[in-house]
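Engineer:
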Amino acid sequence: MDGKLKWDIIIIWRGSRLSILKGTYGITECGIAPGSTFTYNWTVQNFGTYWWHAHYGTQYSDGIVGALILHSPNDTLKFSNTSITSNTASLAARSTPQLDALSSTSNASAEVTYDEDLIFVVGDIYNQLSGIVLQTYVAPDGPEGTGLGNEPVPDGATLNGIGQSNCAFAPEGTECNGSVNYNFTVQPNKRYRMRVINAGSFADVLFSVDGHPLTVVEADATAIEPTVVQSVQVSIAQRYSVIIETNQTAGAFFVHADLVTDMFTYTNDATVVTQTAVMRYSGVPDTTMPNSTSPSLGNITGLLDSTTLVPAVPNSPPAATKTEMVFMTLQLTGDSTWGGFWNNTAWVPETGGNATVFQTAKAALTGSSVSDSSQFILTENDIQVVDLIINNQDDGDHPIHFHGHTPWLVAAGDGNLYPGQKNITAVNPMRRDVFVIPAYTYQVIRFITNNPGLWAL
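Going by the numbering used here, 309 is the number at position 323 of the sequence shown; the sequence numbering is gapless.
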């Protein structure tokens, strides 16, 4: 990578399982300085739908993102024409075994076939650069003076880089076409795997295709038992694969990536909630637009309930050998700005060419403590099966991403949970690396400490 920005940059490759090179600024890396180069070199260890993005400050919110699709002959989700994946099979065959056996073996009874891949990178967008938006969020009077702790409401969203906008609120001097759509063409009587990636900053996205049921087959690189719904709510950093069948009368259909507004705490007059692309069947003129009324899908379940997902390849976790507990809050920091806390510790990245990983190396030699007052670190010295209780004491829902691991989601409920109250029986629970903890609830995730390194949560 060539650092041609005016600032440092770091790229995180989700799905890489890298340790030292995981791409977390101030923890495992110091940043690629302007004018310098850096090579990310890693061996594919797993497969599925992932993405990459900048991980320095708020850079990814300004568009430094992309899809990362990893293939394998072991994937239960397969192209109908197996020759399509022949170029990737040899690479996957050379990869090392997955660290925790996530979908590591194919299950013929769980196999799902499709004809083509379509990638949809969706997410909210702001008219101002992310650094400016961040300053309004942490300021004592909040964004637009709406109050302390209010998350900035986005101005719109994009689907593969294109979205609808309110041009009256576009930054001065900006060329604006508020009604443009992303367009694509499909062939009739095919099965399309739509890989949906929410690369946004704040809002969930509601994904649907007018007139076409969605068969959900993957969540965060975990193949799941097929579930047919009308729409899927995709939280920040989550990925879903849905299969549609192009068996309708040839025409044009809207594909929706609408903003979910339940976390918006004030009104932003610029916000365009409904965001669409246009899917046309082969032979339909490019000028043909969809009907304004979506065709009925009858009695098909409306919204996917993510709590009911079941892995297609059974993989129950081993029993826990250790329990840890954390509390998550958002509150005032010592300098009267707004920030997130784990167990009353607000993380501050190491700067000035330093990173927490270097402190770890020094601690191994001196026996000293790794963490300072701005670093809350849980340390494991050997392989354990850990139940991590996460109590969300905030009034908002929060997507949580666990670097370097794909945990089992073994328990959830209202209020707080303490270790002495834990009574868990986990039979083939869902596994994913991004999970949402609703306001004032808890979740318990289980993982194995068999991937050495410093891993952010």
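Backbone N, C-alpha and C fix where the C-beta goes; we use that ideal spot for every residue, glycine too.
Quick caveat, the model's predicted, so the values are computed rather than measured.
Can you name the residues that DSSP bridges to His198?
Structural biologist: BP columns for His198 point to Val195.
Engineer: For Ala207, decide whether its Cβ has a neighbour in chain D, counting only Cβ atoms nearer than 9 Å.
Structural biologist: Of the chains in the structure shown, none is chain D; there is only one protein chain.
Engineer: Closest by CA to Asp110, which one among Arg0, Pro271, Ile183?
Structural biologist: Of the candidates Arg0, Pro271, Ile183, the one whose C-alpha sits nearest the C-alpha of Asp110 is Ile183.
Engineer: Identify the continuous beta strand (DSSP E) that holds Ile423 and give its terminal residues.
Structural biologist: Ile423 -> beta strand (DSSP E) spans 420 to 423.
Engineer: DSSP has Val215 in a bridge; who is on the other side?
Structural biologist: The partner list for Val215 (beta bridge, DSSP) reads Leu200.
Engineer: Take the Cβ of Ala79 as the centre, count every other Cβ of all protein chains shown within 10 Å, and call the residue buried at 16 or more, exposed below.
Structural biologist: Low confidence applies here, because Ala79 scores a pLDDT of 35, under 50, leaving its location unreliable and the question unanswered by this model.
Engineer: List the endpoints of the continuous beta strand (DSSP E) containing Leu318.
Structural biologist: Residues 308 to 318.
Engineer: Taking all protein chains shown into account, do 16 or more other C-beta atoms lie within 10 angstroms of the C-beta of Asp368, making it buried, or fewer, making it exposed?
Structural biologist: Exposed, by the Cβ-count rule.
Engineer: Use the C-beta contact count for Glu97: other C-beta atoms within 10 angstroms, 16 or more gives buried, fewer gives exposed.
Structural biologist: Burial call: exposed.
Engineer: Going by the beta-carbon positions, is the gap between Trp324 and Gly135 smaller than 9 Å?
Structural biologist: Result yes, Cβ atoms of Trp324 and Gly135 sit closer than 9 Å.
Engineer: Are the CB atoms of Tyr42 and Ile13 within a distance shorter than 9 Å?
Structural biologist: Cβ atoms of Ile13 and Tyr42: not closer than 9 Å.
Engineer: In the DSSP assignment, what are the bridge partners of Ala143?
Structural biologist: Per DSSP, Asp110.
Engineer: For Ile105, which residues from the same chain have a beta carbon less than 6 Å from its beta carbon, with the 5 sequence-adjacent residues on both sides left out?
Structural biologist: Closer than 6 Å at Cβ, skipping near neighbours: Ala53, Arg181.
Engineer: Scan the segment 384 to 422 and note each continuous alpha helix (DSSP H) run of 4 residues or more that stays entirely inside, going in chain order.
Structural biologist: Correct list: empty.
Engineer: Specify, as a first and last residue, the run of the beta strand (DSSP E) that Val124 falls within.
Structural biologist: Where Val124 is concerned, there is no enclosing beta strand (DSSP E), although the alpha helix (DSSP H) it sits in stretches over 116 to 124.
Engineer: Would you mind working out which of Cys16, Phe24, Thr10 sits nearest Asp(-12), comparing C-alpha positions?
Structural biologist: Here the closest residue by C-alpha is Phe24.
Engineer: So, under 8 Å CB-CB, Val195 and Gln219 are touching, yes? Tell me the CB distance rounded to an integer number of Å.
Structural biologist: Rounded, the Cβ-Cβ distance is 15 Å, inconsistent with contact.
Engineer: Is it right to say Met445 is buried, meaning 16 or more other beta carbons lie within 10 angstroms of its own, or is it exposed?
Structural biologist: Missing from the structure shown is residue 445; the chain here goes from -13 to 443 and no further.
Engineer: Helix or strand or just coil, what does DSSP make of Ala298?
Structural biologist: Note: Ala298 maps to coil in three-state DSSP.
Engineer: Starting from Asn377, follow the beta strand (DSSP E) in both directions and report where the run begins and ends.
Structural biologist: Its beta strand (DSSP E) spans residues 371 to 378.
Engineer: I need the straight-line Cα distance from Gly21 to Ala185, nearest angstrom please.
Structural biologist: Roughly 27 Å separates the two Cα atoms.
Engineer: Is the Cβ-Cβ distance between Leu440 and Thr10 less than 9 Å?
Structural biologist: Contact flag set, yes.
Engineer: To test your reading of the DSSP string, which unbroken beta strand (DSSP E) runs of 3 or more residues are found completely within the segment 225 to 277?
Structural biologist: Counting only runs of 3 or more, we get 225 to 231, 238 to 245, 262 to 267.
Engineer: Please report how far the alpha carbon of Leu(-9) lies from the alpha carbon of Gly49, in whole angstroms.
Structural biologist: If you take the alpha carbons of Leu(-9) and Gly49, they lie about 13 Å apart.
Engineer: Using the three-state DSSP reduction, which class does Asp103 fall into: helix, strand or coil?
Structural biologist: The answer is strand: DSSP assigns Asp103 an E or B state.
Engineer: Only counting the same chain, and skipping five residues up and downstream in sequence, which positions put a Cβ closer than 6 Å to that of Asp291?
Structural biologist: For Asp291, where only same-chain residues beyond five positions count, there are no Cβ hits under 6 Å.
Engineer: Distance check for His39 and Trp28, CA to CA, integer angstroms please.
Structural biologist: Taking the straight line from one Cα to the other gives about 16 Å.
Engineer: Could you check the C-alpha separation between His387 and His198 for me, to the nearest Å?
Structural biologist: If I take the Cα positions, the gap works out to 31 Å.
Engineer: Rounded to whole angstroms, what is the Cα-Cα separation between Tyr428 and Pro276?
Structural biologist: The straight-line gap from Cα to Cα measures roughly 43 Å.
Engineer: Among all the DSSP beta bridges, which residues are the ones paired with Thr25?
Structural biologist: According to DSSP, Thr25 bridges with nothing at all.
Engineer: Would you check if there are 3 or more beta carbon pairs closer than 8 Å linking the segment 251 to 264 to the segment 217 to 231?
Structural biologist: Short answer: they don't touch.
Engineer: Less than 8 Å between the CB atoms is what I'm expecting for Thr35 and Ser227, so what's the real figure, rounded?
Structural biologist: About 6 Å; that satisfies the 8 Å criterion.
Engineer: Rounded to whole angstroms, what is the Cα-Cα separation between Gly117 and Gln45?
Structural biologist: Approximately 8 Å between the Cα atoms of the pair.
Engineer: Counting Cβ pairs closer than 8 Å, one from the segment 166 to 173 and one from the segment 121 to 132, do we hit at least three?
Structural biologist: No: the two stretches stay apart, fewer than three of their Cβ pairs being nearer than 8 Å.
Engineer: Along the chain, where does the beta strand (DSSP E) that runs through Gly325 open and close?
Structural biologist: 324 to 328 is the span of the beta strand (DSSP E), which, as asked, contains Gly325.
Engineer: Bridge partners for Asn188 per DSSP, in chain order?
Structural biologist: The amino acid at residue 188 is misidentified as Asn; the sequence shows Phe. Its beta-bridge partners do not exist; DSSP assigns none.
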